[in-house]
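As given, the protein sequences belong to chains Y and X, one line each in that order. Counting from 1 along the first sequence, just add 126 to a position and that's the residue number in this note's numbering. Counting from 1 along the second sequence, just add 24 to a position and that's the residue number in this note's numbering. Glycine residues also receive a C-beta, built at the ideal position from the N, C-alpha and C atoms.
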Amino acid sequence: GQNIDQPTEMTATEGAIVQINCTYQTSGFNGLFWYQQHAGEAPTFLSYNVLDGLEEKGRFSSFLSRSKGYSYLLLKELQMKDSASYLCAVRRGGGANNLFFGTGTRLTVIP
Amino acid sequence: GAVVSQHPSWVICKSGTSVKIECRSLDFQATTMFWYRQFPKQSLMLMATSNEGSKATYEQGVEKDKFLINHASLTLSTLTVTSAHPEDSSFYICSALRLQGSWWTFGSGTRLTVV
Chain Y
127 GQNIDQPTEM TATEGAIVQI NCTYQTSGFN GLFWYQQHAG EAPTFLSYNV
177 LDGLEEKGRF SSFLSRSKGY SYLLLKELQM KDSASYLCAV RRGGGANNLF
227 FGTGTRLTVI P
Chain X
25 GAVVSQHPSW VICKSGTSVK IECRSLDFQA TTMFWYRQFP KQSLMLMATS
75 NEGSKATYEQ GVEKDKFLIN HASLTLSTLT VTSAHPEDSS FYICSALRLQ
125 GSWWTFGSGT RLTVV
């Protein structure tokens, strides 16, 4: 089965840095994705990791450790518009192309 | 590029009726599309994988006779919620897999309310 866990809620201050963790135990692994989702809208792609290490993309960075089944999304210089849900998703391996999503983390950025 | 259009964006229906939701890939061909359901303050739950020209693959616990999926062309998949009940009220999102680059693109979602 699939088990992908994230903290339910986080609060951080504008201008600060926040790290959102994701741990996973899945039947097969072929990459991990992070998505941002504002309420009532579709998820939008943020980052993709398939090898261990850090991927940096502007204010957003994502890290993966396959041996530990662990990833994090790092958001720097937080802005009020970053208030959203952040979803960790694992792509199953073995030829399957399904994406399985974690529980999601609701981030609230306060002034 | 890689735009997925989902229609309608919201629908209200009476209990016992059926509702059809369409998912179209506008500028690419999608042999595989996925249907997700999202309850308030929860994450996306994969319901089924829709393959063009063949039967959909449903995840465990999803009733295939209640959630009918048709993927008749490379750009269109439909989800029909049959005999809808209030507990089916949810946010339904489709995504399409683009073979080049293997990227998923999501539709804008459909808010279904069954009264």
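{"query": "Presumed contact (8 Å Cβ cut-off) between residue 146 (chain Y) and residue 216 (chain Y), rounded CB distance", "result": "Incorrect: roughly 15 Å between the Cβ atoms, too far for contact."}
{"query": "Contacts around residue 203 (chain Y), its chain only, beta-carbon distance under 7 Å, and the 5 residues preceding and following it disregarded", "result": "141 and 185"}
{"query": "contact_flag[the region 57 to 71 of chain X, the region 177 to 191 of chain Y] where n(CB pairs < 8 Å) is 3 or more", "result": "no"}
{"query": "First through last residue of the beta strand (DSSP E) which encompasses residue 100 (chain X)", "result": "100 to 105"}
{"query": "Chain X contact for residue 233 (chain Y) (CB, 8 Å cutoff)", "result": "no"}
{"query": "Top-ranked residue by Cα proximity to residue 78 (chain X), from X:106, X:65, X:45 and X:101", "result": "X:101"}
{"query": "Opening and closing residue of the beta strand (DSSP E) in which residue 227 (chain Y) lies", "result": "225 to 227"}
{"query": "Span of the beta strand (DSSP E) around residue 183 (chain Y)", "result": "179 to 183"}
{"query": "Chain Y contact for residue 130 (chain X) (CB, 8 Å cutoff)", "result": "yes"}
{"query": "Within chain Y, partners of residue 73 (chain X) - CB distance below 7 Å", "result": "224"}
{"query": "Span separating the alpha-carbon of residue 176 (chain Y) from that of residue 196 (chain Y)", "result": "12 Å"}
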